[in-house]
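Working notes for the structure below.
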Amino acid sequence: MNILLITAYFPPDNGSASNLFHDLATNLSENGDKVTVLTTIPQYHATGNLDNYKKKMWATERINGLTIHRIRCPRFEGIFRIGRGLWQIWVSIALSLVSLFIKKHDVCLVYSPPLPLCLAGILNSKLKGTKVVLNIQDLVPQSIIDLGMLKNPSLIQIFKNLEVFCYQHSDHITVMSEGNLEHVQFHGASKDKITIIENWVNLPDSIRHNTVNETLNKHSLLGSNLITFGGVLGHSQDLDIIINAAKLTIARTDIVWVIVGDGAQKEYLCNSIEDFKLDNIKLLPMLPRNEYETILTNSKLGLATLKSVVKTPVVPSKIYSIMASGIPVICSMESSGDAPKLVEKIKCGINISPEDHSQLAESVIRLVDNDDLREELGKNGLNYIKNHLNVSNATIKYQELFATLVK
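For the sequence shown, the working numbering begins at 43 and goes up steadily by one.
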């Protein structure tokens, strides 16, 4: 089958979107499908040698059986206050137009957000007869409305209309949880064209002992009990709960809070660490995937936090990464959400109230000091990943879905 994947991020770009579609694309190709990826010239915390992309507006690569088309989409963060929003619109328009000049595929799978990128798939569906599947990873615009980042009534209505349009004009939609399914169905999609496919995880490769020491030494982490948060440092992530919990554990010199990532709140985080003299917080930039996996696998606990205003039922990809590393999750989110339900169902960690830094500090100390409980919770999460959320299982589910659409 000829499959087109459309995503704003793809390696050597770093991050969950990039990793998810790379792993899926690779496995689809290894299972006999012809896979083409339409994406951007790498800019988002990209790693490795990027010389081949310099000054190029367009690039086509063939790597490990994948055909990858890239277009340059300049980023506007730091230039305009609404730079990220402008970039999402621009990249959606650019990839939508370019997709029309690529040969027809049997199926097109689109990663959202950004929400407008769904239009690329719909254009291919209407003009080429390609079956389009939307992979919804975040419930936009509701998630940004909850955060107070989208307040203008006219803009809210435009985005809600776009959401309904995308749901109604796609051939199928995949979501990561039951709560997501209910949201998408409520906003215009019929239930029979929605499938739950939980996010998949590639289990970290076995890491040699000397490589572990090298990575931990490089970041001054060797010998500490690491409590790790990784990912976007944005407005929805509750960074204050980590800052305030770190204040309460300052006397525990064995405990180090590791924050790996970048985003709009990074400057605020840096200032807070300096203002409160929190030398028990280690702030690291986005790291190559293997380095981050090494740190996470050698941590005692992994953190997943969201502000209480975030009501959309999401399961952040970082939770699956923590589970795949064989360590417990401390999940600080609204109890009605899908993530706390998952943690409770699998018994792979502890749920705490959002923004409750005292509870976070107490939970961290309790788990760091209880090897048996920590090992039990970590094993539960790892076994769930091995049995249900490995990329091979996800690949089979997508191949079966694609086959039903094109028959």
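No residue lacks a Cβ here, since even glycine has one placed at the ideal position from N, Cα and C.
1. In whole angstroms, what is the alpha-carbon distance linking L245 and V79?
2. Closer than 8 Å by C-beta to L264: which residues in its own chain qualify, once you throw out the five before and the five after it? Chain order, please.
3. So what does W132 bridge to, in DSSP terms?
4. Going by the CB atoms, is the gap between K349 and I369 shorter than 8 Å?
5. Going along the chain, which residues of its own chain have a beta-carbon closer than 6 Å to the beta-carbon of L46, five neighbours each way excluded?
6. Put R294 into one of helix, strand or coil per three-state DSSP.
7. CB-CB under 8 Å to K235, same chain, minus the five flanking residues each way: which ones, in chain order?
8. Between Y362, E386, V274, which has its C-alpha nearest V302's C-alpha?
9. How would you label S63, buried or exposed, when you count the other beta carbons within 10 angstroms and need 16 or more for buried?
10. Taking the alpha carbon of H399 as the reference point, which residue from F207, V410, A287, A136 has its own alpha carbon closest?
11. Would you call I427 buried or exposed, if buried means 16 or more other Cβ atoms sit within 10 Å of its Cβ?
12. Could you name the residues of the same chain whose beta carbon sits closer than 6 Å to that of P54, not counting the 5 residues immediately before and after it, in chain order?
13. May I ask you to list the residues that DSSP assigns as paired with K76?
14. Run through DSSP, which three-state label would L97 get?
15. Rounded to whole angstroms, what's the CA-CA distance from T270 to S359? Just pull it up for me.
16. Please report the straight-line C-alpha distance between I110 and L66, rounded to a whole angstrom.
17. Using DSSP bridges, identify the partner residues of A50.
18. Using DSSP with H/G/I as helix, E/B as strand and the rest coil, what is R17?
19. Could you name each continuous beta strand (DSSP E) segment of 3 residues or more that falls completely within the segment 332-378, going from the start of the chain to the end?
20. Can you look up C150 in the DSSP assignment and give me helix, strand or coil?
21. In angstroms with no decimal places, state the Cα-to-Cα distance between N69 and V433.
22. On the three-state DSSP scale, how would you describe I249?
23. The alpha helix (DSSP H) spanning Q435 covers which residue range?
24. Could you tell me the distance, in whole angstroms, from the CA atom of L5 to the CA atom of S58?
25. Which residues in the same chain have their Cβ closer than 8 Å to the Cβ of H430, if we skip the five residues on either side of it in sequence?
26. Run through DSSP, which three-state label would T89 get?
27. Taking buried to mean at least 16 other C-beta atoms within 10 Å of its own C-beta, is N313 buried or exposed?
28. Enumerate in chain order the residues of its own chain whose CB-to-CB distance from A381 is below 7 Å, with the five nearest sequence positions on each side excluded.
29. Is there contact here, the segment 383-402 with the segment 331-341, by at least three beta-carbon pairs under 8 Å?
Quick look at the numbers:
1. For the pair L245 and V79, the Cα-to-Cα distance works out to about 23 Å.
2. N255, L258.
3. Beta-bridge pairing links W132 to no other residue.
4. No; because the gap between Cβ atoms is not below 8 Å, this pair is not in contact.
5. Only residues of its own chain outside the window of five on either side were considered, and among them T78, H147, C150 have a CB closer than 6 Å to the CB of L46, listed in chain order.
6. Residue state for R294 is assigned as coil, using DSSP reduced to three classes.
7. In chain order, S212, D213, H214, I215 place their CB closer than 8 Å to the CB of K235, counting only its own chain and leaving out the 5 sequence neighbours on each side.
8. Checked all of Y362, E386, V274; the closest Cα to V302 is V274.
9. Correcting the residue identity first, residue 63 is Phe in this sequence and not Ser. Flag for F63 reads buried.
10. Looking from the CA of H399, the closest CA among F207, V410, A287, A136 belongs to A287.
11. Buried.
12. Sequence-distant Cβ neighbours of P54 in its own chain, meaning closer than 6 Å and more than five residues away, are P84, A88, T89, G90.
13. DSSP, once it has assigned bridges, lists N44 as partnering K76.
14. Here residue 97 turns out to be Lys, not Leu, going by the sequence shown. Note: K97 maps to coil in three-state DSSP.
15. Each residue's CA atom was taken as its position, placing T270 and S359 some 14 Å apart.
16. Approximately 14 Å between the Cα atoms of the pair.
17. Note: A50 sits in no beta bridge, so no partner.
18. Outside the displayed range of the chain (43 to 449) lies residue 17, so it cannot be described from this structure.
19. Listed in chain order, they are 343-347, 371-374.
20. In the three-state reduction of the DSSP assignment, C150 falls in the strand class, which pools E and B.
21. Going from the Cα of N69 to the Cα of V433 covers about 7 Å.
22. Per-residue confidence for I249 stands at a pLDDT of 49, beneath the threshold of 50, marking its modelled position as unreliable; the derived number appears in the next sentence. Coil.
23. Reading off the sequence shown, one finds Asn at residue 435, where the question assumed Gln. Taken as a continuous stretch (DSSP letters only), the alpha helix (DSSP H) holding N435 covers 433-448.
24. Residue 5 lies beyond the residue range present for the chain, which begins at 43 and ends at 449; the question has no answer from this structure.
25. Excluding positions up to five away in sequence, the list reads E240.
26. The answer is coil: DSSP assigns T89 none of H, G, I, E or B.
27. Exposed, because fewer than 16 other Cβ atoms sit within 10 Å of the Cβ of N313.
28. A distance below 7 Å between beta-carbons, with the five flanking residues on each side excluded, links A381 to the following residues of its chain, in chain order: A346, V356, V357, P358, I361, C373, M375.
29. Output reads no: the segment 331-341 does not touch the segment 383-402.
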